[in-house]
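Worksheet: one structure, shown below.
Protein chains in written order, with the numbering used here: chain U, 1 to 515; chain Y, 1 to 480.
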């Protein structure tokens with residue numbers, strides 16, 4: 001008999017059953033799992049479910065009031081974290097071997113730091129979020145570790161080596177501390193729902209802060225940084241979190257109104273004109289980012305996030321159509337009127353028409369082509385030839401030294417995080433957590449898609465960061481907070497519920513014959 | 001809200017699938033074109049550090065080889081006797097690309113040629129450094145050395161061909177350069193060396209033997225003679241040879257530079273003493289169309305020896321009478337490379353059959369398996385065998401009793417033709433000599449040019465300056 005892989009099972013029957021049906025894995029209802037609450041007859045009856053009489057039996061299973069004890073899976077998480085650490089530190093050691101011919105004296109400190117941070121994060125989860133998803137944290141650790149490795153590798157190109165990896169490790173530590181704070185102090189995401197407008201307003205202010213003279217500074221052609229004392233910060237990253245929370249709570253509140261249908265065009269219910277306010281506001285905000293901050297990526301990210309959350313909360317595809325049209329119009333307007341957009345599009349469509357202008361994109365292409373399928377090997381390629389290899393173009397550096405195979409593995413790890421996040425959203429029982437988890441996951445996916453797609457010439461290049469890998473404190477710290485929030489939500493999704501309401505068995509009779 | 005979340009999940013799945021698909025597409029369809037981009041420094045550096053194959057002269061003499069190096073490139077390209085073979089090997093540099101065979105056989109030498117694909121796989125599997133193929137040339141070291149030595153410090157060029165195959169036996173240009181300077185791993189020093197060489201007024205980087213064209217002067221009379229023979233004249237046909245010829249349609253006179261021995265002389269006599277007025281008259285009689293057709297059959301107006309980027313020699317279009325008269329004696333706008341003149345002589349010596357000149361006889365994989373071999377190719381038949389034999393005899397007479405006595409080798413029947421040409425009145429003339437040996441069973445055809453001949457304009461210049469050089473090359477080929 002298959003080992004019951006049932007940690008994701010929740011006590012919300014409708015959702016769980018639908019999921020089970022989609023998976024076609026009815027045999028997951030195994031006796032062991034329900035042994036606490038199941039009637040005695042259940043174990044004998046179980047084999048019948050394979051024989052065709054399963055439908056009734058299943059519905060019975062669900063109908064019985066019960067307390068589900070999901071597995072915490074912290075042990076699995078620990079094993080995966082160790083695996084992630086072995087990959088990341090192993091990669092780091094390989095870089096040292098290949099570039100300087102031996103382990104650098106700093107390696108033990110770095111290894112200690114990484115192991116310590118991973119252990120702290122794991123302990124915090126074990127202590128405060130014992131039911132949290134066990135896969136997300138190891139994925140994040142391996143990405144963060146590979147990012148550190150790649151930054152260290154690029155440090156070594158310079159003579160004397162730069163200290164990028166050390167700086168990144170410090171930021172990682174800050175990120176992990178914030179992650180632990182979210183896990184330990186926040187513990188529950190639901191109270192956030194009470195501060196819709198405060199959080200939303202601070203998000204918008206943060207987003208627009210780089211435009212304030214004296215604080216904002218332009219770097220690499222984009223005005224997306226603020227300067228406070230000796231530190232610079234990319235507030236869009238923090239705004240991403242704040243606005244996700246604000247959107248989620250706002251939309252939960254207003255979804256019924258926003259779902260009202262207006263005109264019907266081509267079989268599609270368009271929203272009512274009077275409800276267009278929020279989407280137009282977000283559109284204008286995105287345009288403002290595009291025009292004044294010259295940042296295509298951030299603009300796309302926020303607008304995409306908002307439209308997606310609008311769609312999820314209202315279940316009206318009309319919003320998506322409207323949003324896509326608005327974004328298309330905005331992007332076209334940007335293309336026609338702004339040189340920085342033109343340069344990006346030009347580099348995407350025909351990079352070799354102007355070697356000097358599209359130098360960066362061309363060199364990233366050269367690097368990945370040079371790496372080929374299996375890569376040159378860590379420390380053996382020449383990622384230093386691509387400008388900004390440690391930040392915007394870290395995916396190209398990975399593609400060069402670990403090959404397209406390595407880059408695809410990294411993409412799959414991102415996909416795994418997104419999948420776990422969306423699964424958390426699916427399983428969540430209350431709309432705010434659902435929407436927030438879906439929004440954060442989607443924003444994460446959109447960001448990965450946009451930047452890696454830009455580097456590999458699938459899309460025009462944008463200035464977004466590669467989550468957890470690019471060098472840069474703001475992005476790293478904020479993404480750790482995102483992970484913290486996702487784990488908090490998943491903990492609440494999966495933790496046993498104290499009371500179980502009686503479920504009308506008629507509602508659950510939809511399970512059809514399984515055989 | 002689960003339905004839209006599932007749809008969003010589907011959309012994210014599509015996004016990730018697009019990323020993976022694009023990566024796959026890039027590897028399959030874009031990788032090779034990206035690697036071929038000239039600005040791709042990764043590929044350029046790697047290629048520069050490769051264990052390139054050797055370029056060999058006849059008898060397996062390495063004229064370009066690769067040696068292990070300890071700096072950032074693993075191998076250093078070396079040219080033993082670099083100056084001597086520079087016109088053939090060219091150079092292989094980091095910043096200034098490649099020339100010569102290093103350029104035309106780059107993929108084979110670098111081992112990236114498709115013919116070496118299986119070899120590369122084996123190297124990959126056995127973890128050996130991939131090695132390039134070697135290129136075997138037809139150059140005979142003794143002939144090459146003899147040519148360079150006898151040319152000495154004079155500006156000029158020498159080309160020696162095997163008349164029966166078209167193989168280039170020697171190709172010397174002077175002044176030459178040392179490719180080692182430009183191929184060095186100290187890229188800055190190499191760049192400076194290149195700039196210095198490129199800036200020199202004597203143009204040491206240019207291959208005078210195949211890539212420069214000069215007025216061929218009296219050596220072109222061979223072509224005029226061939227056209228006359230084809231037109232039905234015989235060596236004994238008598239032509240007018242006045243002391244000076246009034247050029248048709250002008251008031252200018254073409255003088256003879258030497259005494260032609262009478263005003264009515266045979267063609268044999270005219271060639272022997274290189275009589276300008278006789279050949280000008282002969283050209284006027286034959287007509288420009290036939291003369292041009294004859295020149296083209298000898299290979300004018302086409303590029304030859306593409307491996308070394310040979311330049312096409314020219315016979316001008318639409319001539320008036322005066323121009324035709326001058327063209328008949330290799331002046332006006334007629335221009336030929338030393339290679340072209342060697343081809344003319346080779347075709348005459350080979351009983352009228354012109355062989356396509358070539359310098360690479362074989363490309364050999366590192367395991368010595370031939371990847372490509374050259375088989376001699378007939379380019380055209382500019383003369384009938386009978387006429388060719390007559391012209392051979394006339395050329396033998398030139399060396400035996402005419403202007404080309406300096407080209408004679410005791411015990412060998414040598415045929416030849418001298419020439420002196422002036423490109424513009426302020427420059428010193430070019431001294432030419434082209435010859436073949438031995439008559440009847442030709443082993444070698446040579447063309448020599450010496451630029452800026454340090455003697456006043458007279459026909460004897462070719463015989464005095466260039467003929468001894470040709471003789472030493474012929475002797476080297478014939479093993480004397």
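All residues carry an ideal CB built from backbone N, CA and C; glycine is no exception.
Min CB distance residue i to chain Y below 8 Å
i                      : result
residue 176 of chain U : no
residue 408 of chain U : yes
residue 294 of chain U : no
residue 464 of chain U : no
residue 197 of chain U : no
residue 404 of chain U : yes
residue 324 of chain U : no
residue 135 of chain U : no
residue 307 of chain U : no
residue 443 of chain U : no
residue 431 of chain U : yes
residue 449 of chain U : yes
residue 397 of chain U : no
Any chain U beta carbon closer than 8 Å to residue i
i                      : result
residue 403 of chain Y : no
residue 37 of chain Y  : yes
residue 180 of chain Y : no
residue 23 of chain Y  : yes
residue 354 of chain Y : no
residue 31 of chain Y  : yes
residue 43 of chain Y  : yes
residue 12 of chain Y  : yes
residue 26 of chain Y  : yes
Contacts that residue i makes with chain Y (C-beta to C-beta distance below 8 Å)
i                      : result
residue 312 of chain U : 1, 4, 5 and 8
residue 435 of chain U : 1
Check: residue i C-beta below 7 Å from any heavy atom of the ligand GTP
i                      : result
residue 355 of chain U : As presented, the structure is devoid of all ligands, the ligand GTP included, so that no description of it is given.
Under 7 Å by beta carbon: chain Y residues contacting residue i
i                      : result
residue 358 of chain U : The contacting residues do not exist; residue 358 of chain U stays about 11 Å from chain Y at best.
residue 415 of chain U : 16
residue 418 of chain U : 12
Amino acids of chain Y, ordered along the chain, whose beta-carbon sits closer than 9 Å to that of residue i
i                      : result
residue 453 of chain U : 15, 18, 19 and 22
residue 576 of chain U : Not covered by the structure: residue 576 of chain U. The range shown for chain U is 1 to 515.
residue 529 of chain U : Outside the modelled stretch of chain U, which goes from 1 to 515, sits residue 529 of chain U, for which no answer is possible.
residue 424 of chain U : Neighbours of residue 424 of chain U on chain Y: none; closest Cβ ~10 Å, over 9 Å.
Contacts that residue i makes with chain U (C-beta to C-beta distance below 7 Å)
i                     : result
residue 40 of chain Y : 366
Partner residues on chain U for residue i, Cβ-Cβ distance less than 9 Å
i                     : result
residue 34 of chain Y : 362, 365, 366, 368, 369 and 370
*Give, in chain order, every residue of the stretch 364-376 of chain U whose Cβ lies closer than 8 Å to some Cβ of chain Y.*
Going along the stretch 364-376 of chain U in chain order, one finds 365, 366, 367, 368, 369, 370, 372 and 373 with a Cβ nearer than 8 Å to chain Y.
*Taking 8 Å as the threshold, find out whether the stretch 321-329 of chain Y comes into contact with the stretch 276-293 of chain Y through three or more Cβ pairs.*
yes
*Tell me, please, whether the stretch 203-213 of chain U touches the stretch 257-274 of chain U by the rule of three or more beta-carbon pairs shorter than 8 Å.*
no
*Count the C-beta pairs between the stretch 373-382 of chain U and the stretch 432-443 of chain U that are closer than 8 Å, then say yes if the count reaches three, no if not.*
no
_Any C-beta of chain Y within less than 7 Å: which residues of the stretch 383-395 of chain U qualify?_
Per Cβ criterion, the list reads 385.
*Do three or more CB pairs link the stretch 193-206 of chain Y to the stretch 242-260 of chain Y at distances below 8 Å?*
They do not touch, by the three-pair rule.
*Note down, one range per segment and in chain order, each beta strand (DSSP E) of at least 3 residues found wholly within the stretch 134-194 of chain Y.*
134-137, 156-161 and 168-174
*asked:* If contact is defined by three or more beta carbon pairs under 8 Å, each pair taking one atom from either stretch, is the stretch 184-192 of chain Y in contact with the stretch 204-211 of chain Y?
replied: No: fewer than three Cβ pairs fall under 8 Å.
*Can you list, in chain order, the stretches of the alpha helix (DSSP H) that have 4 or more residues and sit fully within the stretch 275-339 of chain Y?*
276-286, 288-297 and 321-328
*In the stretch 194-219 of chain U, which residue ranges form an unbroken beta strand (DSSP E) of at least 3 residues, counting only runs that do not cross its ends?*
216-219
*So, do the stretch 465-475 of chain U and the stretch 27-36 of chain Y have three or more beta carbon pairs nearer to each other than 8 Å?*
no
*the stretch 458-466 of chain U touching the stretch 340-350 of chain U, judged by at least three CB pairs closer than 8 Å*: With a cut-off of 8 Å, the stretch 340-350 of chain U and the stretch 458-466 of chain U count as touching, because enough Cβ pairs lie within range.
*Would you list, in sequence order, the uninterrupted alpha helix (DSSP H) runs of no fewer than 4 residues that lie entirely inside the stretch 228-265 of chain Y?*
none
*With 9 Å as the limit, tell me which residues of the stretch 157-171 of chain Y have their beta carbon closer than that to any beta carbon of chain U; keep them in chain order.*
none
*Taking only runs of the beta strand (DSSP E) that begin and end inside the stretch 263-347 of chain U, which ones reach a length of at least 3 residues, in chain order?*
Counting only runs of 3+ residues, the beta strand (DSSP E) found wholly inside the stretch 263-347 of chain U occupies 268-271, in chain order.
*Is it a yes or a no for the stretch 255-274 of chain Y touching the stretch 312-326 of chain Y, going by three-plus beta-carbon pairs under 8 Å?*
no
*asked:* With a threshold of 8 Å, are at least 3 pairs of Cβ atoms found where one atom belongs to the stretch 444-454 of chain Y and the other to the stretch 338-354 of chain Y?
replied: Short answer: they touch.
*Listed from N- to C-terminal order along the chain, which residues in the stretch 343-358 of chain U have their beta-carbon within a distance smaller than 8 Å of any beta-carbon of chain Y?*
352 and 355
*asked:* At 4 residues or longer, what runs of the alpha helix (DSSP H) sit wholly inside the stretch 66-153 of chain U?
replied: 74-100 and 107-128
*Within the chosen definition, does the stretch 225-234 of chain U reach the stretch 275-284 of chain U through at least 3 CB pairs nearer than 8 Å?*
no
*asked:* My parser needs the alpha helix (DSSP H) runs of 4 or more residues fully inside the stretch 15-71 of chain Y; what are they?
replied: 31-36 and 41-48
*Could you tell me whether the stretch 286-294 of chain Y touches the stretch 349-358 of chain Y, where touching means 3 or more Cβ pairs closer than 8 Å?*
no
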